[in-house]
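Have a look at the structure below before the remarks.
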Amino acid sequence: MDSISGNYDVIVIGGGSMGLSAAYHLGKRNARTLVLEQFTFFNQLGSSAGVSRQFRYPYTEKYLVKMVKESVPFWDELQSHTSQPLLDKVGTLWFGDPTVHTSEGNIGEAEKALTAENVPYTKLTAAQIEKQYLFKNLPANYTGLFQPDGASINLKATLQTLFHQNQKSGFVTLLEEAPVSNIAQHHKRFEVTTPQGKFTADKLVLVPGPYIDNVINLLGFNIAATYWNMTSAYYRKTRLDIQYPTWFVFQQPVGDNGNEVYGFPEVGWDHPGYIRVASDFVLNPLTSPEQRTSIPNPQELAYTAAWVRQHMPGLHPEPEFTSTCMVALSKISNKELIIDFAPPSVPNHENIVIYATGWAAKFVPLLGKILSDLALDGSTPFDISHFKTGSTYFRTAARAEPTR
13 MDSISGNYDV
23 IVIGGGSMGL
33 SAAYHLGKRN
43 ARTLVLEQFT
53 FFNQLGSSAG
63 VSRQFRYPYT
73 EKYLVKMVKE
83 SVPFWDELQS
93 HTSQPLLDKV
103 GTLWFGDPTV
113 HTSEGNIGEA
123 EKALTAENVP
133 YTKLTAAQIE
143 KQYLFKNLPA
153 NYTGLFQPDG
163 ASINLKATLQ
173 TLFHQNQKSG
183 FVTLLEEAPV
193 SNIAQHHKRF
203 EVTTPQGKFT
213 ADKLVLVPGP
223 YIDNVINLLG
233 FNIAATYWNM
243 TSAYYRKTRL
253 DIQYPTWFVF
263 QQPVGDNGNE
273 VYGFPEVGWD
283 HPGYIRVASD
293 FVLNPLTSPE
303 QRTSIPNPQE
313 LAYTAAWVRQ
323 HMPGLHPEPE
333 FTSTCMVALS
343 KISNKELIID
353 FAPPSVPNHE
363 NIVIYATGWA
373 AKFVPLLGKI
383 LSDLALDGST
393 PFDISHFKTG
403 STYFRTAARA
413 EPTR
């Protein structure tokens, strides 16, 4: 394999879950791959935060339900490399006002998508939700669905497994504290500049999470995105017998309170004895990931704690271990995820693969495969037509340094 200062087939910019997964699949195909991480590996500064994520089938869109199904064999393959369970199967509960449409979708439309993809689920009334899952004081008109194959993702173990597999590969080099300051082209090869040196490759895979514009601006374009720095906290269990699935509640906003809340079960790898509950709205969206803070918005935290106090018996309502969860969200209608090549205005654009925006932890092993396919083959057998942007959605970045 080439030394760190040498040449590569592919440079992956971004060393989070997507970057490590893409490198894992590139290495399996014997592609000499360099992963550049601007911070350190396993940091909490990328897309989302914390060491748990939700794996779930309910989606309003049928193609996303299908994609979850397609990800399962890739999760199984990754699991074969570690004895530590990556998915804690506890089921997924969606409930709330059936008329509400949110950033997560709609309960009734999700039922149609699950049915179309032959994914089993159980319909629930408000009374059944209170009895079976120990929520309380739910409005009588609330309905729900429970899907038994949902899980809590051990993201820490997932990252460690991908990282160690890449370390063992004879084709992958991992380099941290290597932010990219310039991308140039010489004879259809990319030259990437970092504080640790310049590196060249035939292909680029750009997966820097919420910092996507910082990288693609160097190529002369950007993506229309907004940034949410969402509030998250842990609540101590006062009843040891209480356990929750992963869940999301759909509710009408009340004033400036977005009133969308989701949560996780108690897990052994993440504050045992506590339940994590987070808000799925922000009062003040950011315009840049550099504006992020680890301190939650106090009003968002108060709204979420009030919901816990009113609806979750067995939890102490005082939030602890507070944090924030950063995500870049596309401003493009119906484009939660963006997976595509760079626009034609960029020289050699067909050799630049981009993943950006949205929540996609449940797809990590599959998206790594898709990104490696696009980089090496120029196509993938998986249907990504819903995630392609096309030149219509890329915008010229006036502040970007031109490639040469």
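When the sequence shown is numbered by the working numbering, its final residue is 416 and no position is left out of the sequence of numbers.
Here a beta-carbon is modelled for each residue, glycine too, at the ideal position from N, C-alpha and C.
Just so you know, these numbers come straight off a predicted model, no measurement behind them.
Check                                                                                                       : Outcome
Close Cβ partners of PHE54 (< 8 Å) along its chain, the five nearest in sequence each way excluded          : LYS168, LEU171, GLN172, PHE175
Near the ligand MG: TRP87 beta-carbon under 7 Å from a heavy atom                                           : Looking for the ligand MG in the displayed structure turns up nothing, as the structure carries no ligands at all.
At least three beta-carbon pairs within less than 8 Å, the segment 288 to 301 to the segment 361 to 373     : no
Supposed contact pair ALA138 and GLY380 - C-beta distance, whole angstroms, cut 8 Å                         : About 40 Å; that fails the 8 Å criterion.
Cβ pair count under 8 Å reaching 3, the segment 221 to 237 against the segment 312 to 331                   : no
Which of helix, strand or coil DSSP assigns to ILE364                                                       : strand
Boundaries (first-last residue) of the alpha helix (DSSP H) holding ASP225                                  : 224 to 228
Buried versus exposed call for ILE235 [16 or more other C-beta atoms within 10 Å across all chains shown]   : buried
Inter-stretch contact (C-beta, 8 Å, three-pair minimum) for the segment 58 to 68 and the segment 334 to 343 : yes
Span of the beta strand (DSSP E), counted from its first residue to its last, around GLN197                 : 194 to 198
C-alpha gap between ALA190 and GLN264, whole angstroms                                                      : 44 Å
SER33 in three-state terms, based on DSSP                                                                   : helix
Distance CB(LEU126)-CB(PRO160) smaller than 8 Å                                                             : no
Residues sharing a beta bridge with ILE350, DSSP                                                            : ALA368
Same chain, Cβ closer than 6 Å to ILE25, five either side skipped, listed in chain order                    : LEU48, VAL192, LEU218, PRO220, VAL227
Where GLY27 sits in the DSSP three-state scheme                                                             : coil
Proximal residues to ASP21 (C-beta, below 7 Å), its chain only, five neighbours per side dropped            : ALA43, ARG44, THR45, ALA213, ASP214, LYS215
Reduced DSSP category for GLN159 - H, G, I as helix; E, B as strand; rest coil                              : strand
Three-state secondary structure assigned by DSSP to VAL320                                                  : helix
Through-space distance from ALA196 to PHE375, alpha-carbon basis                                            : 31 Å
N- and C-terminal bounds of the beta strand (DSSP E) containing PHE394                                      : Where PHE394 is concerned, there is no enclosing beta strand (DSSP E), given that its DSSP letter is neither H nor E.
Chain D within 8 Å of ASN229, Cβ atoms only                                                                 : Of the protein chains in this structure there is only one, and it is not chain D.
Residue interval of the alpha helix (DSSP H) (run including PHE86)                                          : 74 to 91
Touch test, the segment 95 to 106 against the segment 178 to 187, Cβ-Cβ under 8 Å, three pairs minimum      : no
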